[in-house]
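Quick mapping for you: the protein sequence lines, in order, are chains A and B. In terms of the numbering used here, the first sequence opens at residue 45 and continues consecutively. In terms of the numbering used here, the second sequence opens at residue -16 and continues consecutively. Okay, structure first, notes after.
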Amino acid sequence: MRKTACERSGELVQGVYTNEEWSNFGALKETKLEEEEEEEEEEEEEAAAVVHESGGGGDEELPPPPPKQQRNESVDHISTLRDRLLLHILSFLPMKQVLRTGSLSKRFQFLWTSLSTLVVKNELDFSQALSLEYVKLTDEVIAKVLSVKYDVLLKVSKLESMKQITKLLDISWFVGVQCLLLLGYIGNSKAIGNGKSEKITIHSKTTNKIQFLLKSALIYLILSILKVLSMAKVEDLPSPVLSCKMLTLHTHIKKWDICGIERLLESSPYLETLVVDMSTLYYPTFQFCFNFLNSYDLDGEQYWVSHERVFKCWMMKVKTIKIVGFREVGEGFALPLLQFLLKNAKVLEKMIIKTGNSGFNQCLT
Amino acid sequence: MSSSLEKNMLILRSSDGEEFIVPEVVAVMSKAIKNMVEDECASNTIPVPNVDANILAMVIEFCKKHDESEAEAASDLKTFDSEFVNRGQEALYDLITAANFRDVKELLDALCQNVAEMIKGKSVHHIRIQFLGYQLFEILTSNFIWNIWCDRDFD
């Protein structure tokens, strides 16, 4: 019974993996098979013991998940480490990969939020994209989706039912898909949205059909993280509390970043050093759902003023603010943010602003 | 080396009772032992609970090398480090725990860096299989998703 499951899984994976990966997996599978053969006997005994519980009809079904110890016996050593040590390991990883660990398991889901240094960057690579168009999400398709490479964008068109979409969201969370593009026309959809480390579900105001931007094609999903956070903020969805002391934002501070920045600031109560790097040239364009844009209007200057009251008790520990490559881009959301930070950071000791090529301007407060 | 032999020697006793004679300079690379020595609460034999002989031997090997080669080229040390940490996962995590417990910063950093390198660039379910001990067939069955969402505790 177990063997057939393995064989089946082998077939499913084969089509999708690159050779290298496949050979790795092949090796892995072989060892697994051996292990299982050994374990099979034990299991039969166990099975005999519990046969009255399971009944006889289980032959056709997939094997039940193996008992916990069995899995631990195989390779699960990393879980023996304490959180502090796991965090130490995570601190050697690039941020992108750190976020990806959020979908590993329950233990890892929020582990990364305890890192003391966070870097938020718009990293979207549209070159690795997998398109699913006009497909039905059968189990086989799902299995293939599950075995795709990590930072894949999943583009899906012509999804008809709500059920399919939720299913897809589950999968993409599961695989750690960074960005889910739902293309085309989605009838009766309610939930679109996919955060990687945490499932963010965004309910559109209209539960009816949503018309998407650019004719009937295109729309969005994300993980250009600030924007995700912006959406989460606007829609009042929870986000985890971060225990970082140093936060680096790579952003141009555009209109739809500010909510995200606010969300980050308000969820980092231990923040001591804030670095805003505006010098990055690469800035992926990103489009929100048209309806979404229409339902909310943000005004750069007014935004911070109107939210000041809420911020009274935050930013109690911020001592250093550093802004690299300061310039006013586009609609002018940077200066208001600066004013706001100066006004509200109560124990601020140092603020460094570095514009393009000129030297440092320092001001002490 | 001869100079360090003249200095005080310490005896470290592992959890399973084996004893290692180690120069003090080497032993104090562990901050925990250093504190004990400085506070003079250590007799000649220092028990190292939670760390068995195998692992303790490895840790001592690492510390010795680092102590000896302080003057040597840093690149040599790097090669040694990378070879040293190149072990099976089980030993690796035991070492990490030991390094953390005894507070040997260099070792801890080298080990954690190594694990991070192993994780780097891998897909999520790759990591799940390699590090968390999932079974391949388990992942490829769709009820696994349900399991992950709901009730299985993976710790």
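Using N, Cα and C, we set each Cβ at its ideal position, and we do this for glycine too.
- Message: Please report the distance separating the alpha-carbon of Ala15/B from that of Asp77/B.
- Response: 17 Å
Query raised in the report: Is any beta-carbon of chain A found at less than 9 Å from that of Ala40/B?
Result: no
Quiz prompt | For Gly304/A, the first and last residue of its enclosing alpha helix (DSSP H) | solution = 302 to 310
* Please go through the same chain and pick out, in chain order, the residues whose beta-carbon is closer than 6 Å to the beta-carbon of Asp(-1)/B, but skip the five residues on each side of it. => Asp35, Ala36
- Item | N- and C-terminal bounds of the beta strand (DSSP E) containing Asp321/A | 317 to 321
message = Give me the chain B residues within the contact set of Leu155/A, using Cβ-Cβ distance strictly less than 9 Å, ordered along the chain.
response = Within 9 Å Cβ-Cβ: nothing; Leu155/A doesn't reach chain B, min ~11 Å.
Check: What first and last residue would you give for the alpha helix (DSSP H) that runs through Val8/B?
Finding: 7 to 10
### Task
Return the CA-CA distance between Leu162/A and Ile102/B, expressed in angstroms with no decimal places.
18 Å
task = Starting from the Cα of Leu(-7)/B, find the closest Cα among Glu23/B, Asn97/B, Thr28/B, Met19/B and give me that residue.
result = Thr28/B
Could you give the C-beta distance for Leu94/B and Ile79/B, rounded to a whole number, given that I count them as a contact under 8 Å?
5 Å
| query | Using DSSP with H/G/I as helix, E/B as strand and the rest coil, what is Thr364/A? | reply | strand
Presumed contact (8 Å Cβ cut-off) between Thr317/A and Lys390/A, rounded CB distance
Actually they do not touch by this definition, with Cβ atoms about 15 Å apart.
Below 8 Å on the Cβ atoms is my contact criterion, and I expect Leu(-5)/B with Val20/B to pass it. Report the Cβ-Cβ distance as a whole number of Å.
Not confirmed; about 12 Å, so no contact.
Review point. Do you know offhand how far Lys289/A's Cα is from Ser312/A's?
Key: 8 Å
Determine, using beta carbons only, whether Ser3/A and Leu159/A come nearer to each other than 9 Å.
The first residue shown for chain A is 45 and the last is 409, placing residue 3/A beyond what the model contains.
| said: I'd like to know whether the C-beta atoms of Val87/B and Ser13/B end up nearer to each other than 9 Å. | reply: yes
Item checked: Secondary structure of Lys17/B, DSSP reduced to three states -> helix
Next on the checklist: Taking the straight line between their C-alpha atoms, what separation do you get for Glu310/A and Leu381/A?
Outcome noted: 14 Å
Item to check | Contact list for Thr124/A against chain B, beta-carbon separation under 8 Å | outcome: Tyr76, Thr80
Listing by chain order, which chain A residues have their CB less than 7 Å from the CB of Asn83/B?
Leu129
* For Thr62/B, does the count of other Cβ atoms within 10 angstroms reach 16, so buried, or fall short, so exposed? -> exposed
Practice problem: Compare the Cα-Cα distances from Thr399/A to each of Trp348/A, Val320/A, Leu386/A and report the closest residue. | Solution: Val320/A
Point to revise | Partner residues on chain B for Leu162/A, Cβ-Cβ distance less than 9 Å | key: Within chain B, no residue comes near Leu162/A; the closest Cβ sits about 16 Å away, beyond 9 Å.
Supposed contact pair Asn83/B and Leu91/B - C-beta distance, whole angstroms, cut 8 Å = 6 Å
Legend entry - Where Arg(-4)/B sits in the DSSP three-state scheme: strand
If you draw a straight line from the C-alpha of Ala40/B to the C-alpha of Phe152/A, how long is it? 32 Å
Please confirm whether Ser158/A has its beta-carbon closer than 9 Å to some beta-carbon of chain B. no
Item to complete: Quick one: measure Cβ to Cβ for Ala81/B and Ile43/B, integer angstroms, because I've assumed they're closer than 8 Å.
Response: At roughly 11 Å, the Cβ-Cβ gap does not stay under 8 Å, so Ala81/B and Ile43/B are not in contact.
TODO: Count the other CB atoms, across all protein chains shown, that sit within 10 Å of the CB of Gly304/A; report buried if there are 16 or more and exposed otherwise.
DONE: buried
Practice prompt. Use the C-beta contact count for Leu386/A: other C-beta atoms within 10 angstroms, 16 or more gives buried, fewer gives exposed.
Written response: exposed
Q.
Just checking: is the beta-carbon of Met395/A within a distance shorter than 9 Å of some beta-carbon in chain B?
A. no
Discussion item. Please return the same chain residues whose Cβ sits closer than 6 Å to the Cβ of Leu286/A, not counting the five positions on each side in sequence.
Written reply: Thr157, Ser311, Ser312
Problem - Three-state secondary structure assigned by DSSP to Asp127/A - result: helix
So, using beta-carbon positions, are Lys48/B and Leu60/B closer together than 9 Å? yes
Q | Any C-beta of chain A under 9 Å from that of Ile43/B | A | no
Would you call the CB atoms of Leu291/A and Lys361/A closer than 9 Å?
no
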